[in-house]
Structures are given as C-alpha cells and as structure tokens.
Amino acid sequence: MGFLRKHCPGQARAVLILCTVNALILLLGLALRSGLQVALESALLQYEQRETGNVGDQLSPRGEQEVGWSVFAFSLIAIGGSQILATCFFVQKHLENQAQRSTQQHEEMLLSARELERTRDAVIFGLAKLAESRDPDTGRHLERISLYATRLAAALRRHPSYRAEVTPAFVKSIGISSVLHDIGKVGIEDSILLHPGKLSPEQRQQMQVHTTLGGECILEIERRLGDSGFLRMAREIAFAHHERWDGKGYPNGLKGDQIPLAARIVAIADVYDALSVRRVYKPPMPHEFCVNEIRNNAGTQFDPQLVDVFLSISDQFRDIVNQFGDETATDGRVTAAQERLLDSIVGDGAATAQKHSPTPLYASGDGVSAGRV
1 MGFLRKHCPG QARAVLILCT VNALILLLGL ALRSGLQVAL ESALLQYEQR
51 ETGNVGDQLS PRGEQEVGWS VFAFSLIAIG GSQILATCFF VQKHLENQAQ
101 RSTQQHEEML LSARELERTR DAVIFGLAKL AESRDPDTGR HLERISLYAT
151 RLAAALRRHP SYRAEVTPAF VKSIGISSVL HDIGKVGIED SILLHPGKLS
201 PEQRQQMQVH TTLGGECILE IERRLGDSGF LRMAREIAFA HHERWDGKGY
251 PNGLKGDQIP LAARIVAIAD VYDALSVRRV YKPPMPHEFC VNEIRNNAGT
301 QFDPQLVDVF LSISDQFRDI VNQFGDETAT DGRVTAAQER LLDSIVGDGA
351 ATAQKHSPTP LYASGDGVSA GRV
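Sequential numbering from 1 applies to the sequence shown in the working numbering.
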C-alpha cells in the first residue's frame, strides 16, 4: 500500500486495487459482487476523495469499517485462493499420474492380449497342420486357404450387400478360423483320404463325414470354453464349407443365405486351391482354368455375388498360389493328359472350361465337392 501511495495517483491506485480484487473474484468464481465488491467500491471511492482533497481528511467511521472488512476479506480471498490453487495443482498432478499409470496398465493389457492371441493362433494352426499331416499331398494348403479367405473377406467390405456383416473383426477371424475347415479329416481312413482316383459312392459318403466330425469337434470346444467369435466361425466353416448355393451340397443341404457367409467364402477358396495345385487324384490346373470353373458355377455351387468379388481380385489368388504353392500349372493351358485324367475322375466329360458347361467340374459327391480338399 505504501508503494502505491508513493508512486500512483489516488485514482490510479483505486482502479488498480479494484481491478485486482475483480480479477481474484473472477478467478475463484466467487459470487461476491452484491456484497464484498459493493463495500470495496464504496470504501475506495471515499479513499480517493480524501486523497484528492474533495472531502475531509478522515474517513467516516463506517468508511473505515468498510475498508477494514474489505482488507480482511481480500486477505481471506488471497489465502483461500492460494490454498485452492495449490490443491488444484496437486489434484491435477495426481490425476496425471493416475492417467499415466492407467495408460501403462492398458498398454500392458493390450500386449498380453496380443501375446495370447498369437499363442492361440499358433496352437490352432499347429493342430490343424497336425490333422492335415495325414495327407502329405496338401503341402501349404492351410497357409493358402487362410490368405485366400482373408483377401476375399477384405474385398467384400467394399460391397454394399456385405459391408454390415464383414467387419474388420470378421476379416481378422476368418484368417485363423478357416484353417480348421478340414479338421474332421483326422477321423477319415487313410484308404479313403489317400485314394488316388475317383471315390466310390460308399467312399464318398465316408469322406463327407469329415464336415460333421470337424463341426462337432469345434462345438465341443465351444461348450468347454464358452462363446467365442472365432470358434463359432470355425464351426460354421467346418460344418458348411461343402454346402452349395443351390442346396445340393452336404451335410445338411443348406441353400443360399442359409449357408453361413464364412463358409461360402471358404468354399470358393477351397475349390480354387484344389484346382490350382497338384493333388493325389489330379494335376495342377492353370489359373485361368480355375477362375473359369468358379465363374461357371456361380449361382449353382457358389454365391454369385461372392463370385463377382472373387473375379475382381482373382489375380491376388494367383499371386498367393505362386508364392505359397507346391506344384502349379504355369502355361495357362489344360493339357490333353490333364483333361483325360480329369475325365477319369469326374466321368462327365466336363473337363474344359472353354465349353462353359453348366454342369460343375466336380458335381456334388465328386472330386472337389466330395471332400477331396
């Protein structure tokens, strides 16, 4: 106050003090304008009048009392404000520390979840590989199926009819769920699984059981572990990847949209892979031949909308089989020897895609559709 009296004129001192009080009141959010501020304004006005000589040298007793209360209130505000600001500072630091710890804990939980997910995927792939190892002719079939299914599902996300169902989680799940599609083959006899030619009707029936065996195996795991998105998808694929769009597939004769979407995706991937690589019962076929066979069976064996999407990305399938293939055809032509062997397997003379026959290359119960993949 002495500094203000010495260096500032009376009016300036009054304004400065008033502005300081107003700033503190505003900062602390105190609703004191009706009480404290009125008293201060009155006291400061009398103080200014005395300094400028407009009134007597002494404040009235009431004025002195108001100034006293104002100074007292100002002191309380300053002390209380300091305590509040200090408290706010420590609370803010505490919250920041808590947030930092929560972030670290969240990151650790995410890391643990990713590690568990990788472990789960590795175990699942190992089990599927173990089951498939009984058929030495399949090579890297599981790797290719996973990639085919993932690429086709990712492309479906751009299709209006499937965008709602094919979420990022769906695309991620089908990559691992699809490798369990033939897990039921572990229960098929070697004499059937490794048969080098066309299966008899009795053998076909036994081969078809692999879909039921696989689906029931995964269902039993679900019962023990509880509901799981990727297990549910794996079960649907195992049960239904040999169902047909026209209802003539197995094991349940599902038709159209009754067939789970994931199973419809894997059906295309499975047939493409069976055609494009060498198997014990057939030679590898050229990419163009495989694409034409899938195109010709749209609406009968396969979901026609899925086939359209497949055709738009078929080059990606070719890249996958070239990178992860075993022995593949490369010249784009079906040789006479391949055609004769295919005719001997199918027995319907529908070996060449150039004829665009409405009869599937592998009718229900024959070749690919019979569970030879």
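For each residue, glycine too, the CB sits at the ideal point set by N, CA and C.
Buried or exposed: where does residue i fall if 16 or more other Cβ atoms within 10 Å of its Cβ makes it buried?
{"i": "Gly56", "result": "Residue placement at Gly56 is poorly supported in this model, since its pLDDT is 49, which falls under 50; the coordinates still yield a value, given next. Gly56 should be labelled exposed."}
{"i": "Gln208", "result": "buried"}
{"i": "Asn297", "result": "buried"}
{"i": "Lys282", "result": "buried"}
{"i": "Ile221", "result": "exposed"}
{"i": "Thr103", "result": "exposed"}
{"i": "Gln406", "result": "Residue 406 falls outside the range modelled here, since the chain spans only 1 to 373, and no answer is possible."}
{"i": "Gly197", "result": "exposed"}
{"i": "His94", "result": "exposed"}
{"i": "Gly215", "result": "buried"}
{"i": "Ala149", "result": "buried"}
{"i": "Asp273", "result": "buried"}
{"i": "Leu147", "result": "buried"}
{"i": "Arg101", "result": "exposed"}
Helix or strand or just coil, what does DSSP make of residue i?
{"i": "Arg264", "result": "helix"}
{"i": "Val166", "result": "coil"}
{"i": "Lys255", "result": "coil"}
{"i": "Lys198", "result": "coil"}
{"i": "Asp348", "result": "For Asp348, the pLDDT reaches just 35, beneath the cut-off of 50, and the residue's location in the model is therefore unreliable, although a value from the coordinates is still provided. Residue state, collapsed to three classes: coil."}
{"i": "Arg101", "result": "helix"}
{"i": "Lys93", "result": "helix"}
{"i": "Arg279", "result": "strand"}
{"i": "Leu59", "result": "Residue confidence for Leu59 is low, a pLDDT of 47 falling below 50, so the modelled location carries little weight; the figure read from the coordinates is stated next. If DSSP states are grouped into helix, strand and coil, Leu59 belongs with coil."}
Do you know offhand how far residue i's Cα is from residue j's?
{"i": "Arg114", "j": "Tyr250", "result": "36 angstroms"}
{"i": "Pro260", "j": "Met109", "result": "33 angstroms"}
{"i": "Thr167", "j": "Ser191", "result": "41 angstroms"}
{"i": "Leu219", "j": "Ala262", "result": "16 angstroms"}
{"i": "Phe310", "j": "Ala269", "result": "9 angstroms"}
{"i": "Gly175", "j": "Ala154", "result": "10 angstroms"}
{"i": "Glu236", "j": "Leu194", "result": "26 angstroms"}
{"i": "Phe317", "j": "Ala267", "result": "14 angstroms"}
{"i": "Gly187", "j": "Leu213", "result": "7 angstroms"}
{"i": "Ser173", "j": "Leu199", "result": "33 angstroms"}
{"i": "Arg319", "j": "Arg157", "result": "First, the residue type needs correcting, since residue 319 is Asp and not Arg in the sequence shown. Roughly 21 angstroms between the two C-alpha positions."}
{"i": "Cys378", "j": "Arg223", "result": "Only positions 1 to 373 of the chain appear in the structure, and residue 378 is not among them; the question remains open."}
{"i": "Arg140", "j": "Pro160", "result": "33 angstroms"}
{"i": "Ser314", "j": "Gln203", "result": "33 angstroms"}
{"i": "His241", "j": "Glu96", "result": "52 angstroms"}
{"i": "Gln305", "j": "Asn292", "result": "15 angstroms"}
{"i": "Glu165", "j": "Leu254", "result": "19 angstroms"}
Could you tell me which of the options sits nearest to residue i, measuring between CA atoms?
{"i": "Leu275", "options": "Leu219, Ile145 and Ala262", "result": "Ile145"}
{"i": "Glu189", "options": "Phe170, Asp257, His210 and Ser102", "result": "His210"}
{"i": "Asp257", "options": "Tyr162, Gln100, His141 and Ile124", "result": "Tyr162"}
{"i": "Gly325", "options": "Met285, Glu107, Glu293 and Gly187", "result": "Met285"}
{"i": "His287", "options": "Asn322, Ile265, Arg223 and Arg279", "result": "Asn322"}
{"i": "Val271", "options": "Ile294, Gly247 and His181", "result": "Ile294"}
{"i": "Asp303", "options": "Val291, Ile265, Asn252 and Glu216", "result": "Ile265"}
{"i": "Cys217", "options": "Lys185, Glu202 and Asp246", "result": "Lys185"}
{"i": "Ser426", "options": "Arg101, Gly229 and Gln105", "result": "Given that the chain is displayed from residue 1 to residue 373, the structure contains no residue 426 and the question cannot be resolved."}
{"i": "Arg244", "options": "Ala169, Thr300 and Leu225", "result": "Thr300"}
{"i": "Ala234", "options": "Asp308, Ile183 and Leu254", "result": "Ile183"}
{"i": "Ile124", "options": "His181, Gln206 and Asp308", "result": "His181"}
{"i": "Phe170", "options": "Arg232, Asp308 and Ala238", "result": "Arg232"}
{"i": "Val307", "options": "Gln100, Leu152, Gln105 and Leu111", "result": "Leu152"}
Determine, using beta carbons only, whether residue i comes closer than 9 angstroms to chain C.
{"i": "Met109", "result": "The structure shown contains no chain C; it holds only a single protein chain."}
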